[in-house]
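Step one of this worksheet: look at the structure below.
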Amino acid sequence: MPQDRLVNNTLPLSEIRHRLAAADGPTYWRSLQELSCTDEFRQSIADEFPALGERFNDSTSRREVLKIMAASLALLGITGCFYKHPQEKIVPYVKTPDQTIPGLPLYFATAMPMNGYGIGVLALSREGRPLKIEGNPDHPASLGAANAFMQASILDLYDPDRSRTVQRSGRTATWSNLLGILNPRLQTKLTNGSGLRLLTGTITSPTLLSQIQQFLQRYPGSQCHQYDPLHTPDGELPKNIFTTPLDTLHDFTKADVILTIGSDFLTTHPASLRYARQFIDGRRVRQDHLKMNRLYVIESAMTLTGSMADHRLAIAPSDFQLHTARLGHMLGIGGDVVPESRSVPSLSVQKQHWLDTVAADLTSAATSLIIAGADQPPSVHAMVHRINQRLNNIGRSVYHIDSVAPSAQHSLKDLVTDMQDGNVDTLLILGGNPAYDAPIDIPFASMLQNLSTQRRGRDYQNLTIHLGTHANETAWNCQWHIPQSHYLESWGDIRAHDGTASIIQPLIAPLFASKSEWELMETLLDHPDRDGIESIRNHWAKSVTSDFETWWLQTLQRGTIDGTSAPLRKDLTLRPDLPGFSFSDETPHPENAEIIFAPDPTAWTGEYANNAWLQELPKPFTKLTWDNAIAINVRMAENLGGSARPLVDGHIVRVDYQGRSLEAPVVILPGQADGVIAMTLGYGRTHGGTVLTDDGAPRGYNAYQLRTSARPWVDVGARVTFTGRIVPLAITRNHHAMDTAPGMNSIEQSLKPQNIAQPGISEENLELHNRKIVRTATLEQFQQNQNVIQNLDIASRKPLLSLYQPWNYDHGLQWGMSIDQTACIGCNACIVACQAENNIPVVGKEQVMRQREMHWIRIDNYFSGPVDSPSVYHQPVPCMHCENAPCEYVCPVGATTHSDEGLNEMTYNRCIGTRYCSNNCPYKVRRFNFFLYSDYDSNTRRLQHNPDVSVRSRGVMEKCTYCVQRIDNTRIEMEKQVLDLREQARLALEPADQKRLLLAADERGRQIIAGLQTACQQSCPTQAIVFGDLRDPQSQVARLKREPADYGLLTDLTTKPRTTYLARFTNPHPDLAPGTLA
Amino acid sequence: MAYVFHPLTNTIAKAGVFVAVLLIGGVVWVAAEIERSPWVSDAGVHRNQPIPFSHEHHVRGLGIDCRYCHNSVTESASAGMPSTQVCMTCHSKIWTNAAVLEPLRQSWETGTPIAWQRVHNLPDYVYFNHAAHITKGVGCTTCHGQVDRMPLMLQAAALNMEWCLTCHREPARFLREREDIFQPDYQLPPNQMELGSQLAKRYDLLPPQLMQNCSLCHR
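Going down the list, the protein sequences come from chains A and B. Just so you know, we're using this note's numbering here: the first sequence kicks off at 1077 and counts up by one. Just so you know, we're using this note's numbering here: the second sequence kicks off at 21 and counts up by one.
Quick look at the structure:
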């Protein structure tokens, strides 16, 4: 495995600090390595494919290479001759299913379960195969958007590693084998069910809940236990601060000032997609709309919500209670909740000033909203509730409903206690993977193994059954494993965060002999062969008063069930026995670091660890793929490695915590709070697939091995030491860098003092080569001068002449894209959406380290400000579709050409793989198939391929096409409908009718074109990406391109990109320094 | 010093140059002709089908419209192959005992689809759309030939890119009135060029250079 040269060098951190402090004006940097400006880094950027050189160090001799090359050429000559298509067959239907038209897509409204909550989706089906997930615009938790997990869930359906048959002790068995064992045992439980246990995750499904009720009644004494790695411990759940469990909902459109206390509401909340849309809707600054909300964030680790903050306060987790208490005190909430002011430790002057400003801003704002993270203790939630009450937010921006997910009757801990006491003899595990994700102090895995292997004579004494999509760690500890149906192949129902219920409808019959949890419950209720649809229909038929069949079809069509959203609760009483605040006065440091556990941005809690799309998705900020790492900030890197040789990405540290220890690599993440180590869950898995392991070894480290049930989210007292070893990590942070020609580095331009003396670079040249890829302004600056962004444009001041004839674009449709950087939250949904739509392969960790990842759109992170407290900007970069595209002129075979609609086209079957185009692309958006990355062979995987897009083979260049397949299909649909109307007009007798029909034709055409969305645009939660026809002045994209904040990347090269950007606006408080306070 | 080469060598060498050029040219010409020939393109080749379906009988003899069986041709990229059910609308009533229709009855009874031999097969990197062509006034027989004279279906044209471009470069040579699109025995009128250019305007055809954009067919 190659060592990533970018990772492996040391960082002159003190020098970087010094240079940043001396910088002139804002400086934007993608990584610390870039800031270091070392020769090694420059060299790696200057090479177009930096890792290519190593290939030629292989033991293969030069002579052998030439021999193979000659033989390949000779063979190529033979295979290239007279290619005849293989004789194919056409197999039509026997009876064409209703509404199916071969070649046209069908959408079905269904819902994807995520940690028990449903998010509405529209799943696209082509000839019976589900191909793509889109959000359901009518569903409250989606509003039309789909996150990376939803997009990637389609790959899970076709995962070749899924369980295919019922298994007994790892051997193939049948459903009737299982029933032969299960049914007699259930018979004995009818009179006394004690010993019979169910273990489930969080459940909101109305049908499943009623089935469980029936189960508990049918087998008296049986118990249902619940465990969800995201919802522990039960007693401290935020919903329990009230006398009855209540969920708190938020309306971000109703808030001018927003404060989040540890809540990453943009990504980890069941309503994240909705909240992200609402939050960004309050921030879209346009020339005629000069208003935006203001976001204050208090957090420890770096989250996407924190990256969107106008002011961010990075504090250790143990300080949250203190800061919340202070804030409450300043807003006049005292008495029993906040201890006397003198007993609350005081804060540093800057932090006190920060809180003072926030408190004043909250009080003076017309509307506001305060939200606390689900991982915060009840004391913080109670205080946040009081502050919201004080600020009159309840009922305006903050709502309460009866908790959607009923509280668990019994916990995992109860179950393990009972198992230890011998009170359990039959255990059914409905999904999930508790043997892997249970807290380390609850020995569930070993108890489960005991239970499964205890024998009475020759027979097993107990019965353990696991239902799961994969034979995971839990399955291996059970006697029986039943394949679980994917949500796209089973009937079910589920509630969203606000209670809205949806029917889950299948698009395809189960690929394997699998059962859904609803079907398994029916088996336990003595209906072993009942189809899932019957259970769901029976359940809802009881509550529907109108004609059921009509209701059923309407509900399936809409994707939500009318009248199921939970009613608002007005009677809010806090529990009197809530624990008070407790304050820590210790300052964290490596000997006593604070530890954070969070779901991983790509593997989540472990359930997506076998999804290759997600594994190869660069995680926000760190841009790490295929692994997880411990995030530490720059100061801790210095503390651990010494200021002369601070730790770099991949250095392995040992974490000792509560008598347990773990070794894992670190990534350096500027902006994290001091003395904090941030761990992500979901890695270190051992069973359940070929993607989640690397040659048999688990990928990443398993943070569950340190996670306790008492402190599942944050704790103090972790000891961190450097082991002296390093491991290669696949980090894409420095890949595909723009604007960094050696000596012409924008970083260096900003760090003028030592570079201005460089020979051959005049100040004028420096200015010319500082391309200002990221452009930002505050709302105030923009209000004062709308040209503030355009004034940064050097191309307008120094126009270069183009050698090429300009294209003529005065006809037809002209495509363009606008990306709003104020709206982009860096969530990665677009990357996976693009991957699903365009058959983009994964390449694996080793290839990512060689900079060969294939994503057509990447999200660059730019930091600005000091390394200890930077601000972050997200910039999605797809192909720019330049009007003067540098790639086109250098292609020797005309494989990349220009279309008259302004597309930069790629014709794969012409490409011979010279890679000149990629070399000449200033934006580095072209991707080359160095090997045969596409999967042509897996019998299930290839079912997912989009039939409208070529699956690329080895040796072919590819890149963003603006989803040309969608463009073509939409254009054809538009022409069809418009021409039909025009023909009607031609044949109409009355001139008035003719005129009306012609107008209708034009309008229809415009509507259809306006409805065209690229895959990235469609999935974007915040509508940051807008695509459309530039020639229609009314189109959304044309309007955005007229904005004064519109600018193009590297336009001084006269590339005339069709993709342009709207600058990032922030809305800092005049009394506070912008960015992070650490 | 004696001459190393025979005096004739110069002549042979000069002639050799011409022979070599002719030879290479000839090889290229032969290769190009083979590439265009029915041997490669399969044009004019009959295929044995599970049921010897005759378009001549059904179209010319019975006058069944193209769209009765190929019913998605105006809507979708795919023209659509008739399901067994479509065949059975008639054949459950007529020719119910015909031996050649045994596979059809088998399919209907067992629910197993009929596997027809594909006659028109474009490479996978070509995205042809039937509906788009119908919308713009390209008749069925322009590409598929006189189907009503084909007792067994065969591919009438070469279906190579050169052939596609003859129309994409100069569509006026082939366009028809809308009502004539499905005429199986349609003959181009003498004033085709005039009619074609009128129709091109009326059907709002993309400008010729756009009709040759790569991404129109390759993606």
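Glycine residues also receive a C-beta, built at the ideal position from the N, C-alpha and C atoms.
Practice prompt. With 7 Å as the C-beta to C-beta threshold (strictly closer), list the residues of the segment 100 to 127 of chain B near chain A in chain order.
Written response: G100, M101, P102, S103, T104, Q105 and S127
Worksheet entry | Best match in A:P1260, A:N1985 and A:P1181 for proximity to A1199 (chain A) [C-alpha to C-alpha] | Your numbering for residue 1199 (chain A) matches position 123 in the first sequence. Ranking the options by Cα distance to A1199 (chain A), first place goes to A:P1181.
Worksheet entry | Euclidean distance between Cα positions of S1822 (chain A) and V1480 (chain A) | Residue mapping note: residue 1822 (chain A) aligns to position 746 of the first sequence, counting from 1. Residue mapping note: residue 1480 (chain A) aligns to position 404 of the first sequence, counting from 1. With a pLDDT of only 47 at S1822 (chain A), under the threshold of 50, the placement of this residue in the model should not be trusted, and no figure is reported.
Worksheet item: Quick one: does L2088 (chain A) have its CB under 8 Å from some CB of chain B?
Response: What you label residue 2088 (chain A) is simply residue 1012 of the first sequence in a count that begins at 1. Closer than 8 Å: no.
Item to complete: Per DSSP, which residues does A1754 (chain A) bridge with? Please list them.
Response: Along the first sequence, one-based indexing puts residue 1754 (chain A) at 678. Answer is A:I1672 and A:A1707.
Item to complete: Quick one: grab the DSSP three-state call for R1787 (chain A).
Response: Residue 1787 (chain A) sits at position 711 when you count from the first residue of the first sequence. Judged by DSSP in its simplified three-state form, R1787 (chain A) adopts coil rather than helix or strand.
Practice prompt. Give me the Cα-Cα distance between T1799 (chain A) and N1810 (chain A), rounded to the nearest whole angstrom.
Written response: Here the question's residue 1799 (chain A) lines up with position 723 in the first sequence. Here the question's residue 1810 (chain A) lines up with position 734 in the first sequence. If I take the Cα positions, the gap works out to 26 Å.
Worksheet item: Between the segment 27 to 43 of chain B and the segment 110 to 123 of chain B, do three or more beta carbon pairs fall short of 8 Å?
Response: no
Discussion item. Using only CA atoms, which one of A:H1429, A:A1222 and A:W1552 lies nearest to K1242 (chain A)?
Written reply: Here residue 1242 (chain A) is taken as the residue at index 166 of the first sequence, counted from 1. The sequence as given places Val at residue 1242 (chain A); Lys does not occur at that position. The candidate whose alpha carbon is nearest that of V1242 (chain A) is A:W1552.
Discussion item. Does chain B have any CB closer than 8 Å to the CB of V1969 (chain A)?
Written reply: Along the first sequence, one-based indexing puts residue 1969 (chain A) at 893. No - not a single Cβ of chain B is within 8 Å of the one on V1969 (chain A).
Worksheet item: Pick from A:V1948, A:E1683 and A:L1745: whose alpha carbon is nearest that of Y2204 (chain A)?
Response: It is not possible to answer for residue 2204 (chain A), since the shown part of chain A is limited to 1077 through 2154.
Item to complete: Find out if the Cβ-Cβ distance for the pair V1729 (chain A), V1796 (chain A) is shorter than 8 Å.
Response: What you label residue 1729 (chain A) is simply residue 653 of the first sequence in a count that begins at 1. What you label residue 1796 (chain A) is simply residue 720 of the first sequence in a count that begins at 1. Yes, they are a contact pair.
Worksheet item: When the cut-off is 8 Å and only beta carbons count, does L2074 (chain A) lie next to chain B?
Response: In the first sequence, counting from the first residue as 1, residue 2074 (chain A) sits at position 998. Contact with chain B is absent for L2074 (chain A), since none of that chain's Cβ atoms lies less than 8 Å from the residue's Cβ.
Worksheet item: Would you call the segment 1291 to 1299 of chain A and the segment 1256 to 1270 of chain A touching, i.e. three or more CB-CB distances under 8 Å?
Response: yes
Worksheet entry | Within-8 Å CB hit, R239 (chain B) to chain A | The residue you call residue 239 (chain B) lines up with position 219 of the second sequence. At least one chain A Cβ lies under 8 Å of R239 (chain B).
Worksheet item: So W1932 (chain A) packs on N1914 (chain A), CB below 8 Å; how close in whole Å?
Response: Within the first sequence, the letter at position 856 stands for residue 1932 (chain A). Within the first sequence, the letter at position 838 stands for residue 1914 (chain A). Distance from W1932 (chain A) to N1914 (chain A) at the Cβ level is roughly 6 Å; contact confirmed, criterion being Cβ atoms closer than 8 Å.
Item to complete: State the start and end residues of the unbroken alpha helix (DSSP H) segment that holds D1232 (chain A).
Response: As a position in the first sequence, residue 1232 (chain A) is number 156, starting the count at 1. Taken as a continuous stretch (DSSP letters only), the alpha helix (DSSP H) holding D1232 (chain A) covers A1224 to L1233.
Worksheet item: Going by beta carbon distance, what residues of the same chain come within less than 6 Å of L1889 (chain A), once the five residues before and after it are set aside?
Response: Locating residue 1889 (chain A) in the first sequence gives position 813, where the first residue counts as 1. The answer, listed in chain order, is E1977 and D2105.
Worksheet item: Are the beta-carbon atoms of V1333 (chain A) and S1444 (chain A) separated by less than 8 Å?
Response: Locating residue 1333 (chain A) in the first sequence gives position 257, counting from the first residue. Locating residue 1444 (chain A) in the first sequence gives position 368, counting from the first residue. Yes, the pair counts as a contact, with Cβ atoms nearer than the cut-off.
Worksheet entry | Counted within 10 angstroms of its Cβ, other Cβ atoms place R2030 (chain A) as buried (16 or more) or exposed | Your numbering for residue 2030 (chain A) matches position 954 in the first sequence. Exposed: under 16 other Cβ atoms inside 10 Å.
Discussion item. Let me make sure I understand the geometry here. Which of A:T1540, A:T2142, A:D1896 and A:P1346 has the alpha-carbon closest to that of G1192 (chain A)?
Written reply: The residue given as residue 1192 (chain A) occupies position 116 in the first sequence. Of A:T1540, A:T2142, A:D1896 and A:P1346, the residue nearest in Cα terms is A:P1346.
Worksheet item: So the alpha helix (DSSP H) H1399 (chain A) belongs to, where does it begin and stop?
Response: Start at 1 with the first residue of the first sequence, and residue 1399 (chain A) comes out as number 323. Here the alpha helix (DSSP H) through H1399 (chain A) covers F1396 to M1406.
Fill in: L2148 (chain A) (DSSP reduced to helix, strand or coil)
Stepping through the first sequence from its first residue, residue 2148 (chain A) is reached at position 1072. The three-state secondary structure of L2148 (chain A), taken from DSSP, is coil.
Fill in: Chain-ordered chain B contacts of E1565 (chain A) [CB-CB under 7 Å]
Taking the first sequence and counting its residues from 1, the one referred to as residue 1565 (chain A) is at position 489. None at all; the shortest Cβ gap to chain B is about 21 Å.
Discussion item. Our contact map puts A1352 (chain A) next to I1901 (chain A) with C-beta atoms below 8 Å; I'd like the distance itself, whole angstroms only.
Written reply: For the purposes of this step, residue 1352 (chain A) is identified with residue 276 of the first sequence, where counting begins at 1. For the purposes of this step, residue 1901 (chain A) is identified with residue 825 of the first sequence, where counting begins at 1. So it is a contact: roughly 6 Å between Cβ atoms.
Fill in: Neighbourhood of I1356 (chain A) by C-beta, 6 Å cutoff - its chain only, sequence neighbours within 5 removed
Counted from its first residue, the first sequence places residue 1356 (chain A) at position 280. Same-chain partners within the cutoff: A1899 and T2098.
Worksheet entry | Sheet register partners of S1578 (chain A) (DSSP bridge) | Here the question's residue 1578 (chain A) lines up with position 502 in the first sequence. According to DSSP, which records beta bridges pairwise, S1578 (chain A) is partnered with A:I1570.
Worksheet item: What residue ranges within the segment 1939 to 1999 of chain A form continuous beta strand (DSSP E) runs of no fewer than 3 residues, ordered along the chain?
Response: 1947 to 1953, 1972 to 1974 and 1980 to 1982
Item to complete: Identify, in the order they occur along the chain, each residue of the same chain with its Cβ nearer than 7 Å to the Cβ of R1472 (chain A), setting aside the five sequence neighbours on each side.
Response: Here residue 1472 (chain A) corresponds to residue number 396 of the first sequence, with the count starting at 1. The residues are K1330 and T1443.
Worksheet item: Do we get a CB-CB distance below 8 Å when we pair G159 (chain B) with the residues of chain A?
Response: For the purposes of this step, residue 159 (chain B) is taken as the residue at position 139 of the second sequence. False, the Cβ-Cβ gap to chain A never drops below 8 Å.
Fill in: Chain-ordered chain B contacts of Q2093 (chain A) [CB-CB under 7 Å]
In the first sequence, counting from the first residue as 1, residue 2093 (chain A) sits at position 1017. Those within 7 Å of Q2093 (chain A) in chain B number zero; the least Cβ separation is about 18 Å.
Worksheet item: Is N1687 (chain A) near D1232 (chain A), with beta carbons less than 8 Å apart?
Response: Counting from 1 along the first sequence, the entry for residue 1687 (chain A) is found at position 611. Counting from 1 along the first sequence, the entry for residue 1232 (chain A) is found at position 156. Contact flag set, yes.
Worksheet item: By Cβ distance, which residues of its chain are closer than 8 Å to R2062 (chain A), with the 5 residues on each side in sequence left out?
Response: Taking the first sequence and counting its residues from 1, one reaches residue 2062 (chain A) at position 986. Same-chain partners within the cutoff: Q2070.
Practice prompt. Kindly say whether R189 (chain B), judged by its beta-carbon, lies nearer than 8 Å to any beta-carbon of chain A.
Written response: Indexing the second sequence from 1 puts residue 189 (chain B) at position 169. Closer than 8 Å: no.
Worksheet item: Under the DSSP definition of a beta bridge, which residues are partnered with T1540 (chain A)?
Response: For this step, residue 1540 (chain A) is matched to residue 464 along the first sequence. Paired residue(s): A:L1503.
Discussion item. Measuring only the C-alpha atoms, how far is R1645 (chain A) from D1574 (chain A)?
Written reply: Indexing the first sequence from 1 puts residue 1645 (chain A) at position 569. Indexing the first sequence from 1 puts residue 1574 (chain A) at position 498. Distance between the alpha carbons of R1645 (chain A) and D1574 (chain A) is about 12 Å.
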